[in-house]
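Numbering (the UniProt record's numbering), first residue to last: 1 to 104.
First up is the structure itself, then whatever we jot down about it.
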């Protein structure tokens with residue numbers, strides 16, 4: 001659980017750094033179309049990360065409320081969660097275009 005929590009904390013820190021990049025980019029008027037397109041796709045990825053972090057927080061709250069659940073069941077659920085995290089953290093088809101450098 002500590003290893004999972006440290007990965008989630010690292011993901012949250014990366015997300016916060018990217019949010020700071022968005023704030024800086026909002027102040028720049030001379031961004032190219034490619035830069036704006038990249039930032040839009042990056043925003044889509046960050047939104048998915050936010051959804052996953054929210055889901056993790058909701059699961060943690062449910063676990064606290066339910067208490068005493070089997071360790072094996074929780075490990076299976078965490079395995080499924082991180083499998084989904086790995087799938088969702090890659091760009092989804094809705095976030096990439098065929099000509100995108102991130103598509104590859």
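Every residue gets a Cβ at the ideal spot worked out from N, C-alpha and C, and that includes glycine.
Where do the N-terminal and C-terminal ends of the alpha helix (DSSP H) with residue 31 fall, by residue? Taking the first residue of the chain shown as position 1, residue 31 is located at position 31. Element bounds for residue 31: n/a, residue is neither H nor E.
Just the Cα atoms here: how many angstroms apart are residue 81 and residue 45? If you number the chain shown from 1, residue 81 lands on position 81. If you number the chain shown from 1, residue 45 lands on position 45. Those two C-alpha atoms are separated by around 17 Å.
Take the Cβ of residue 84 as the centre, count every other Cβ of all protein chains shown within 10 Å, and call the residue buried at 16 or more, exposed below. Along the chain shown, one-based indexing puts residue 84 at 84. Of the residues assessed, residue 84 falls on the exposed side of the cut-off, its CB having fewer than 16 other CB atoms within 10 angstroms.
Candidates 49, 78, 52 and 24, of which the one nearest residue 63 by Cα: Position 63 of the chain shown, counted from the first residue, corresponds to residue 63. The residue with the shortest Cα to Cα distance from residue 63 is 78.
Can you say whether residue 31 is buried or exposed, counting buried as having 16 or more other CB atoms within 10 angstroms of its CB? Sequence index remark: in the chain shown, residue 31 carries index 31 (1-based). Exposed is the call here.
Mind checking residue 21: buried by the 16 CB within 10 Å criterion, or exposed? Residue mapping note: residue 21 aligns to position 21 of the chain shown, counting from 1. Label assigned to residue 21: exposed.
Across the region 45-57 and the region 9-17, are there enough close Cβ pairs to call them in contact, namely three or more that are closer than 8 Å? Between the region 45-57 and the region 9-17 there are three or more C-beta pairs closer than 8 Å, enough to call the two in contact.
Chain-order list of residues whose beta-carbon lies under 8 Å from that of residue 56 (same chain, five-residue window excluded): Counting from one through the chain shown, the residue named residue 56 turns up at place 56. Here the set comprises 8 and 81.
Taking residue 5 as the reference, which of 37, 33 and 59 has the closest Cα? Looking up residue 5 in the chain shown gives position 5. Of 37, 33 and 59, the residue nearest in Cα terms is 59.
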